[in-house]
Structures are given as C-alpha cells and as structure tokens.
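For the sequence shown, the numbering used here begins at 17 and goes up steadily by one. As structure tokens, the structure follows; a few thoughts come after it.
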Amino acid sequence: MTDVSFDEWCRRLKESDRSAYEQVFREMYEPLVRYTCSITKSRASASDIVQDVFVRLWETRSSLDPSQSLEAYLYRSVRNRAYNLHRNRRTRSDKEDDVQSEPVGHLSKPPAPDDAVDARNLESHLETWISELPDRQREALELSRFQGLSHEDVAEVMEISPRTVNNHIVRALRSLRERIRTYEPSLLDA
Numbered sequence: 017m018t019d020v021s022f023d024e025w026c027r028r029l030k031e032s033d034r035s036a037y038e039q040v041f042r043e044m045y046e047p048l049v050r051y052t053c054s055i056t057k058s059r060a061s062a063s064d065i066v067q068d069v070f071v072r073l074w075e076t077r078s079s080l081d082p083s084q085s086l087e088a089y090l091y092r093s094v095r096n097r098a099y100n101l102h103r104n105r106r107t108r109s110d111k112e113d114d115v116q117s118e119p120v121g122h123l124s125k126p127p128a129p130d131d132a133v134d135a136r137n138l139e140s141h142l143e144t145w146i147s148e149l150p151d152r153q154r155e156a157l158e159l160s161r162f163q164g165l166s167h168e169d170v171a172e173v174m175e176i177s178p179r180t181v182n183n184h185i186v187r188a189l190r191s192l193r194e195r196i197r198t199y200e201p202s203l204l205d206a
C-alpha cells in the first residue's frame, strides 16, 4: 500500500481516521474482490462480501491490533465470509430439499501437443488447471502468487502453519508443471 505500512493504517483506523479507511478501501478493494471471486465464482457475491468486511472493519476499528497484519486480517475475513455464505446456501438448499447442480470441476483432457501454443490458449488452460487444484492448494497459490502475500500472512489467512502453506504451494506448482509438461513439453525445457 503506497508508502504507508499496514501497521500505520491500522493505527490510524483505530483513531477513527476516515481518510485512512478510504485509502485502505481504495488499495485493497479490487485485490480482495478478485480473491473472494476465486472462492465464490461470482463477482457480485464477492463484491458484497468485501463491502460487508469493510463495513465491519469500520465498526470494529477500535479493537484492531496493530501488531497483527491488517492485510492478512482482511483476506481472512473475506475468506471466512465466503465460506460461510457457501455453507449457508448449501444448508438452506438441503433444508428446502431443492436439488441444485453445483459447478463441478471438470477433468480437462490435455490438448494434443501439436496444438498451436499461444499466450491466450496457455492462459486459458492454466486458469482451468488452477481451478482444478485441491481447494487448499489453489487458495495458498492464489494468495501467495497472485495477491502477493507472504507465506506468514497466507498462513494467518488460512489458519495453518507457514510450512503447510509452503507444502500446498509446492504441490500446486508441481501439479501445474506436470499439466504443462503434458500440454507442451518444450515450455519447461528453457
């Protein structure tokens, strides 16, 4: 976040500094929506969740702990709300005895090696392969590689140890390398 640390934003939020709150919102809104969308698969739901988290942040600002990572706190909050939303929807659906088809990660057959490899095609395959990773691996990879969180912050968000975060990321990358090798072996030769 710009030149001011999250610790400083946290301190200013505790003091009810509205401009600090607005700055945190501007800096973190889109990354949080992208991350939440990777869980909910719905931009509208993700946006609602992130807005709720920011409302809650302002309401509970006096209890913020500046020694804790504000960034990790926000990611953990949206993650928990997204999972709670999913759980509540499933419970409600079960109670109503409404059979609802949920998107199931399809097993994609790797394209033939002689397919033309272009950036968009590879990106499309990578998105599919990432979506097919086990949830915890995908989440650790998303937070670390795409959202730029440290392993310690990812561990705090996911409520696991940094070593477990590392293991999830290593397994995810190994799986992606295998898929790429099947797709186009020459990409890994360099």
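Even glycine gets a Cβ: it sits at the ideal position worked out from N, Cα and C.
Out of curiosity, what's the CA-to-CA distance linking residue i and residue j?
i, j, result
"R190", "V66", "31 Å"
"I55", "Q163", "14 Å"
"R240", "D151", "A question about residue 240 goes unanswered here, because the residues of the chain that appear run from 17 up to 206."
"R103", "Y37", "30 Å"
"L86", "C26", "7 Å"
"P129", "E200", "Only weak support is given to the placement of P129: the predicted model assigns it a pLDDT of 47, under 50, and the value that follows is read from those uncertain coordinates. About 5 Å."
"S166", "L48", "15 Å"
"E41", "L73", "This sequence places Phe at residue 41; Glu is not what is there. When rounded, the distance between both Cα atoms is 10 Å."
"D33", "R50", "26 Å"
Is DSSP giving residue i helix, strand or coil here?
i, result
"L192", "helix"
"K57", "coil"
Taking Cβ positions, are residue i and residue j nearer each other than 7 Å?
i, j, result
"V173", "A88", "yes"
"I14", "L157", "Lying outside 17 to 206, the shown extent of the chain, residue 14 is not represented and no answer is given."
"V69", "S35", "no"
Going along the chain, which residues of its own chain have a beta-carbon closer than 8 Å to the beta-carbon of residue i, five neighbours each way excluded?
i, result
"K30", "R77, S78, L80 and P82"
Considering residue i, what are the terminal residues of the alpha helix (DSSP H) in which it resides?
i, result
"T76", "Element bounds for T76: n/a, residue is neither H nor E."
"R152", "D151 to L157"
"E175", "Counting along the chain, E175 falls outside any alpha helix (DSSP H), and DSSP gives it neither H nor E."
Within the same chain, show all residues whose beta-carbon is closer than 7 Å to that of residue i, passing over the 5 residues directly before and after it, in chain order.
i, result
"D23", "P82"
"S61", "L101"
"V170", "A156, L159, S160 and V181"
Using a Cβ-based criterion (distance less than 6 Å to any ligand heavy atom), does residue i qualify as near the ligand SAM?
i, result
"R136", "Among the components modelled here there is no ligand, and therefore nothing to report on the ligand SAM."
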